[in-house]
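First the structure, in the form of structure tokens, and then the observations on it.
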Amino acid sequence: MAFTALQARIVRLGVLATSLMVGLSAMPVLAQEAGLSGIAMPQSDGSVMSYMYHRRMSGEKIDGETASRVFGGRKAQDGAWPSQVALIGKAPPRPDQQGDEYFQFCGGSIIARQWILTAAHCVFDPEGKQTPATDILVQTGSNSLGKGDLRAVAAVFPHENYDPAVIDNDVALLKLAEPIGQSAGPVGAISILPAGSPPPQGPGMVIGWGFMEEGKLPNDLMETDIDIVSNATCNKGMAEQTKRDIGSFLLGMGKQNRIPQERLEEAYKIVTDNLGPSLTDNMICAGVANGSKTACNGDSGGPLLVRQADGRWLQVGIVSWGRFPLGSAQHCGFPELYGVYTRASNYYDWIAAKIRQN
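The number in the numbering used here is simply the position in the sequence shown, starting from 1, with 247 added.
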């Protein structure tokens, strides 16, 4: 099934004959074995799905040519990323609605004929309730929202130890209702960095349909060159921002409640002297120092990729989360605040086990 774009990236289900057979017949259950080949969290009062729905409803449509300069991204070439998928949710009914409407809320990757890799935070609401499989569709075979194929999801498998408080173990698998066979466009699986691999370094690529500058959303898949940096670099930038945020908060509360300055300084020192690292060993960090290239809301669940020596791409991360200054209306693109990604190699064995068992 395919779908056409409606106002502000809301889409209506339609019908499209799938005519192109794709080279997936030799794909094993575990694509890894065959070598086939941030990010800000939504506000706490809504799930990723509801947040993206409301933003897409109010967003201005931007095509790839107009958007190519934003956040250092550019429009991806058709067929360049055959493993990229969009997660699609059903929109709440409106009084003037004619037929069902759908919207994109997260990304993901094809890792095997019937399996999609994404982020756990994409499939939970703020109360910790898991999104039913029947509420999620997966678009494959197109860079443009409203084209390609829509595929039903049979089951959702978030990591058992996913911790929304610190966004740790932020990984999930979607099992499609049917294995991918025919397709309206190019599809393929991506290889995952194997377990035990050292942390990736150097240049990387992030792709998705997430927010760009001025809160606009693209209809076409975007790609952005970024650098993978050490967790220490990432933690340092986040700690400095946290200190600034705590200082601003305490000053504001102090004025409102006439708290003596020396007491505010004591509180500031106690808190800032006890800051721990923001990232766990299950996370990696990427972006650029000035914040001009990064992932953002809507990119969640999509891949962080590195190019291998033979030219093939390898998935090393999953778009997970990011930090922004307290009170900022913009959630992405700040200096020294890099995007955070789930470290895919730490979940290689978990992914393999889930696929074998299900």
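Even for Gly, the Cβ is constructed at its ideal location relative to N, Cα and C.
Note that the coordinates shown come from a computational prediction; the quantities given were computed from them, not determined experimentally.
In the DSSP annotation of this structure, the continuous segment of the beta strand (DSSP E) that includes valine 385 starts and ends at 383-387. With contacts defined as CB atoms closer than 8 Å, isoleucine 531 and proline 450 fail to qualify as a contacting pair.
Excluding sequence positions up to five before and after glutamine 555, its CB lies within less than 8 Å of the CB of Leu561, all in the same chain and listed in chain order. Cysteine 532: member of the beta strand (DSSP E) spanning 530-534, first to last residue.
Annotated three-state conformation of tyrosine 349 is strand, per DSSP.
Nearest Cα to valine 566 within the set Val587, Pro433, Ala576: Val587. In this structure, valine 400 sits away from lysine 376, with a CB-CB distance that is not shorter than 8 Å. Sorting Ser430, Leu552, Phe571, Asp410 by C-alpha distance to the C-alpha of proline 582 places Phe571 at the top. Threonine 589 has its alpha-carbon roughly 16 Å from the corresponding atom of alanine 479. DSSP, reduced to helix, strand and coil, places tyrosine 588 within a strand of the structure shown. In this model, glycine 580 and threonine 378 are separated by some 29 Å (Cα to Cα).
The C-alpha of isoleucine 383 lies about 5 Å from the C-alpha of glycine 336. The distance from the Cβ of isoleucine 493 to that of valine 535 is about 26 Å, inconsistent with a contact at the 8 Å cut-off. Per the coordinates, the alpha-carbon of glycine 484 lies some 13 Å from the alpha-carbon of glycine 523.
Every beta strand (DSSP E) stretch that sits fully inside the region 432-501 and reaches 3 residues is listed by chain position as 449-455, 469-476.
Going by beta carbons, tryptophan 597 and histidine 406 fall inside the 8 Å limit. By the neighbour-count criterion, in which 16 or more other beta carbons inside 10 Å mark a residue as buried, alanine 366 falls on the buried side. Rounded to whole angstroms, the gap between the alpha carbons of proline 433 and lysine 322 is 17 Å. DSSP places alanine 600 inside the alpha helix (DSSP H), whose first and last residues are 595-604.
Selection Ala402, Pro445, Ser438, Ser389 evaluated against alanine 431 yields Ser389 as nearest (Cα-Cα).
Between tryptophan 362 and leucine 440, the C-beta gap is not smaller than 8 Å, which leaves the two residues out of contact. Alanine 359 sits in a strand when the DSSP states are folded into three classes. If you check the CB distance, alanine 424 and glutamine 386 do not come in under 8 Å. If you look at valine 332, you'll find it in the beta strand (DSSP E) that goes 331-337.
For a cut-off of 8 Å, the C-beta gap from glycine 574 to glutamate 470 is around 31 Å, too long to register as a contact. Across the structure, aspartate 528 and alanine 412 are spaced so that their CA atoms are roughly 16 Å apart.
Boundaries for leucine 420: no alpha helix (DSSP H) harbours it, while the beta strand (DSSP E) harbouring it runs 419-423, taken from the DSSP string.
In this structure, the straight-line span from the alpha carbon of glutamine 429 to that of alanine 359 is close to 15 Å. In the three-state scheme derived from DSSP, where H, G and I count as helix and E and B as strand, valine 413 is classed as coil. Spatial neighbours of lysine 601 in its own chain (CB-CB distance under 8 Å, excluding positions within 5 residues in sequence) are listed in chain order as Phe404, Leu420.
About 5 Å separates the beta carbon of aspartate 467 from that of serine 391, a gap short enough to meet the 8 Å contact definition. With a 10 Å radius around the Cβ and a threshold of 16 neighbouring Cβ atoms, glutamate 513 comes out exposed. When DSSP reads this structure, tryptophan 568 sits in a beta bridge with Val587.
Glycine 435 sits close to proline 329, with the two beta carbons spaced by under 8 Å.
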